[in-house]
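Visitor: Counting with mature numbering (1 follows the signal peptide of the UniProt record, and there is no 0), you get residues -28 to -1, 1 to 357 for the letters of the sequence shown.
All C-beta atoms in this analysis are idealised placements derived from N, C-alpha and C, irrespective of residue type, glycine included.
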Amino acid sequence: SMSSSSRRRRRREEALLLLLSSSSSVVGGTTTTTASSSSSASSSATASASASPAIDPTTNVSTPLRESMRNRHTGVTINVLALDFNSDYMALKYEGFETLTGAAINPVVSTQASWFDDVREDVNGAGFIDLYTIFGNWIPTFADRRGGLADIGRDVGNAVGLDWFDIMPAVRGGVATYKNGVYAVPVDGDAIVMLYRTDLVEGAGLPTPRTWDDVSKITDHYSGAVDFTGDGAPDYANCLPTSENDIAGAVFWSIASTFMQTRGTAEGAFFDPETFDPRSAEPAFLRALELYRTLVDQSPFRDNGETGWQDNLAEFQKGRCVLWYNYPGPTRILVSEQEKNNMTGVLNYAPVPGMNCDGMGKEEDEEEEDDDADADADHHRQCPF
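1) From what residue to what residue does the alpha helix (DSSP H) around A63 run?
2) Enumerate in chain order the residues of its own chain whose CB-to-CB distance from F224 is below 8 angstroms, with the five nearest sequence positions on each side excluded.
3) Is N51 buried or exposed, if buried means 16 or more other CB atoms sit within 10 Å of its CB?
4) What separation, rounded to the nearest whole angstrom, lies between the Cα atoms of D60 and E70?
5) Taking the C-alpha atoms as reference points, what is the distance between F248 and A209?
6) Do the region 287 to 305 and the region 155 to 170 touch if we need at least three Cβ pairs shorter than 8 angstroms?
7) Measure the Cβ-Cβ separation of A115 and G280 and say whether it is below 8 angstroms.
8) Which whole-angstrom value is the C-beta distance of V324 and I190, which I expect to be below 8 angstroms?
9) Answer yes or no: do I139 and S8 have a C-beta to C-beta separation smaller than 8 angstroms?
10) Roughly how many angstroms separate the alpha carbons of M62 and L212, rounded to a whole number?
11) Taking the alpha helix (DSSP H) that V173 falls in, what are its first and last residues?
12) In the DSSP output, which residue or residues are listed as bridge partners for N78?
13) May I ask you to list the residues that DSSP assigns as paired with S9?
14) Who are the near neighbours of T316 in its chain, counting only those whose CB is closer than 7 angstroms to its CB and skipping five residues on each side?
15) Quick check on I190: does DSSP put it in helix, strand or coil?
16) Let's test the definition: count the other Cβ atoms within 10 Å of the Cβ of S34 and tell me whether it reaches 16, buried, or not, exposed.
17) Would you call L55 buried or exposed, if buried means 16 or more other Cβ atoms sit within 10 Å of its Cβ?
18) Check this for me: beta carbons of R251 and D244, under 8 angstroms apart or not?
19) Alpha carbon to alpha carbon, what distance is there between A220 and E246?
20) To the nearest whole angstrom, what separates the beta carbons of L134 and V128, a pair I think is in contact under 8 angstroms?
21) Near G196, which residues of its chain fall below 8 angstroms by C-beta distance, leaving aside the five closest residues on each side in sequence?
22) For M140, which residues does DSSP report across the bridge?
23) Should E335 go down as buried or exposed, given a rule of 16 or more other Cβ atoms within 10 Å for buried?
24) Any contact of the region 103 to 119 with the region 140 to 150, i.e. 3+ C-beta pairs under 8 angstroms?
25) Looking at the unbroken beta strand (DSSP E) that takes in V91, where does it start and where does it end?
26) Return the chain-ordered list of same chain residues with a C-beta closer than 6 angstroms to the C-beta of N298, the five sequence neighbours on each side being excluded.
27) Go through its chain and collect everything with a Cβ distance to Y66's Cβ below 7 angstroms, but skip five positions before and after it.
28) Roughly how many angstroms lie between the CA atoms of I305 and T201, to the nearest whole one?
29) Based on Cα-Cα distance, which residue from G47, E174, L53, G74 lies nearest to S40?
30) With H, G and I counted as helix, E and B as strand and the rest as coil, what does DSSP make of M41?
31) Assuming P255 is part of the alpha helix (DSSP H), what are its boundary residues?
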């Protein structure tokens, strides 16, 4: 028979897996995955066989599934690494989870700036945290460490209510999977989007930012000492995160890919997929760096040095930026609060621009017929990188 300590451990693992799977539907914003510490979540067949179903802990609707979870994990405490920018929102989710299951959630709050270091220190140190919210590209760093992230592949595959294979393959495989193991549950599948002020773009007779040539015309128009808020201080063409511990890398690669992958992701980014030579010395990458440097120089970085997405959010809310680059979550904040920020009706979404290939935008170029012997030559003429 199972010992009392084994039962407690199994009950704790079950509660943790339930929170892990349910958090995939309740955590939003810039985070991408929830991952378990291997010091607290088992990846054994025993634990995976009892993996609990994913539920929304905030609804009061009574169902057989929910009732099966009622007070099932009383006495269990789960330590969760939480982020300060969405801690109030998550507190409501934790409260609903606690009320339903009887488990206690102990959030340990981290800031955006210290986020990575806090995860690293816990993995390398005491191992106090049971559940981390992390970026997907951090998984290799922490999965390879002793006492790091747990492989939960069997658990998510057998969890009732969590349709693992319904998650978009690119997100499931690219965000949560590493070395044939599953180390996280994807929270979202973010992409960088652009938001722009129509009153400052179209109102000034400037082009809609479909290509980088269009963006250059806009940023050149508003570069320097242009004060379009009338507060006596120069404003910015771009709200662009530049902090190392923020999303600066994601923003840069969303720009670089438009130069380096005109035929799609099969062309590679860091390395040539055929030769494995680094692509960092290629003209396309260098052109992307030049453009990025220009955008950074016309952003809050000009006056404040490195800034995170929250800093840029505050600047855009003050009306100090023409263009905004970020994930959909923070962008949604600006759209939902446009009336409060005196921007009603002047905000518009756009995808990250592409190259202007002989007067053609990237979408038009991708739709071109590519079935004759001169297709490669035509493509190179239109998109020289």
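Guide: Quick answer:
1) As a first step, residue 63 must be located in the sequence shown, where it is residue number 91. Per DSSP, A63 belongs to the alpha helix (DSSP H) from 59 to 73.
2) Locating residue 224 in the sequence shown gives position 252, where the first residue counts as 1. A260, Y264, listed in sequence order.
3) Mapped onto the sequence shown, residue 51 falls at position 79. With at least 16 other beta carbons inside 10 angstroms of its own, N51 counts as buried.
4) Position 88 of the sequence shown, counting from 1, holds the residue named residue 60. Position 98 of the sequence shown, counting from 1, holds the residue named residue 70. Their backbone Cα atoms lie some 15 angstroms apart in a straight line.
5) Here residue 248 refers to the residue found at position 276 of the sequence shown. Here residue 209 refers to the residue found at position 237 of the sequence shown. Annotation: F248 to A209 spans about 37 angstroms, alpha carbon to alpha carbon.
6) Between the region 287 to 305 and the region 155 to 170, the count of Cβ pairs shorter than 8 angstroms is three or higher; the stretches touch.
7) What you label residue 115 is simply residue 143 of the sequence shown in a count that begins at 1. What you label residue 280 is simply residue 308 of the sequence shown in a count that begins at 1. No Cβ-Cβ contact shorter than 8 angstroms links A115 with G280.
8) Position 352 of the sequence shown, counted from the start, is the residue given in the question as residue 324. Position 218 of the sequence shown, counted from the start, is the residue given in the question as residue 190. The pair is not a contact, with the Cβ atoms about 14 angstroms apart (cut-off 8 angstroms).
9) In the sequence shown, residue 139 corresponds to position 167, counting from 1. In the sequence shown, residue 8 corresponds to position 36, counting from 1. Result no, Cβ atoms of I139 and S8 do not sit closer than 8 angstroms.
10) Locating residue 62 in the sequence shown gives position 90, counting from the first residue. Locating residue 212 in the sequence shown gives position 240, counting from the first residue. Each residue's Cα considered, the two are about 26 angstroms apart.
11) Taking the first residue of the sequence shown as 1, we reach residue 173 at position 201. Element bounds for V173: 170 to 173.
12) Here the question's residue 78 lines up with position 106 in the sequence shown. According to DSSP, which records beta bridges pairwise, N78 is partnered with N51.
13) Mapped onto the sequence shown, residue 9 falls at position 37. Per DSSP, L121.
14) Taking the first residue of the sequence shown as position 1, residue 316 is located at position 344. Result list for T316: Q310, in chain order.
15) On the sequence shown, residue 190 is found 218 positions in, with the first residue counted as 1. Helix.
16) One-based indexing of the sequence shown puts residue 34 at position 62. Under this definition S34 is an exposed residue.
17) Residue 55 sits at position 83 when you count from the first residue of the sequence shown. So L55 counts as buried.
18) Indexing the sequence shown from 1 puts residue 251 at position 279. Indexing the sequence shown from 1 puts residue 244 at position 272. Taking 8 angstroms as the Cβ cut-off, R251 and D244 qualify as a contacting pair.
19) Here residue 246 is taken as the residue at index 274 of the sequence shown, counted from 1. Here residue 220 is taken as the residue at index 248 of the sequence shown, counted from 1. When rounded, the distance between both Cα atoms is 28 angstroms.
20) Residue mapping note: residue 134 aligns to position 162 of the sequence shown, counting from 1. Residue mapping note: residue 128 aligns to position 156 of the sequence shown, counting from 1. Taking C-beta atoms under 8 angstroms as the contact rule, L134 and V128 qualify, at a distance of about 6 angstroms.
21) Within the sequence shown, residue 196 is the residue found at index 224, counting from 1. Here the set comprises P206.
22) Walking along the sequence shown from the start, residue 140 turns up at place 168. According to DSSP, M140 bridges with nothing at all.
23) Residue numbering aside, residue 335 sits at position 363 when the sequence shown is read from its first letter. With a pLDDT of 39 at E335, under the threshold of 50, the modelled position of this residue cannot be trusted; read the value that follows with caution. By the 10 Å Cβ count, E335 comes out exposed.
24) They touch, by the three-pair rule.
25) Against the sequence shown, residue 91 aligns to sequence position 119. Looking at the DSSP string, V91 is not in any beta strand (DSSP E); the run it does join, the alpha helix (DSSP H), is 87 to 96.
26) Mapped onto the sequence shown, residue 298 falls at position 326. Close CB contacts of N298 within its chain, under the 6 angstroms cut and outside five residues either way in sequence, are with W281 (chain order).
27) As a position in the sequence shown, residue 66 is number 94, starting the count at 1. Cβ neighbours of Y66 beyond the five flanking positions: I77, P79.
28) Residue numbering aside, residue 305 sits at position 333 when the sequence shown is read from its first letter. Residue numbering aside, residue 201 sits at position 229 when the sequence shown is read from its first letter. Our two residues, I305 and T201, have alpha carbons roughly 21 angstroms apart in a direct line.
29) The sequence position of residue 40 within the sequence shown is 68, counting from 1. The residue with the shortest Cα to Cα distance from S40 is G74.
30) Along the sequence shown, read from residue 1 onward, the residue named residue 41 stands at position 69. Three-state DSSP puts M41 in a helix.
31) Sequence index remark: in the sequence shown, residue 255 carries index 283 (1-based). That run of the alpha helix (DSSP H) goes 255 to 269.
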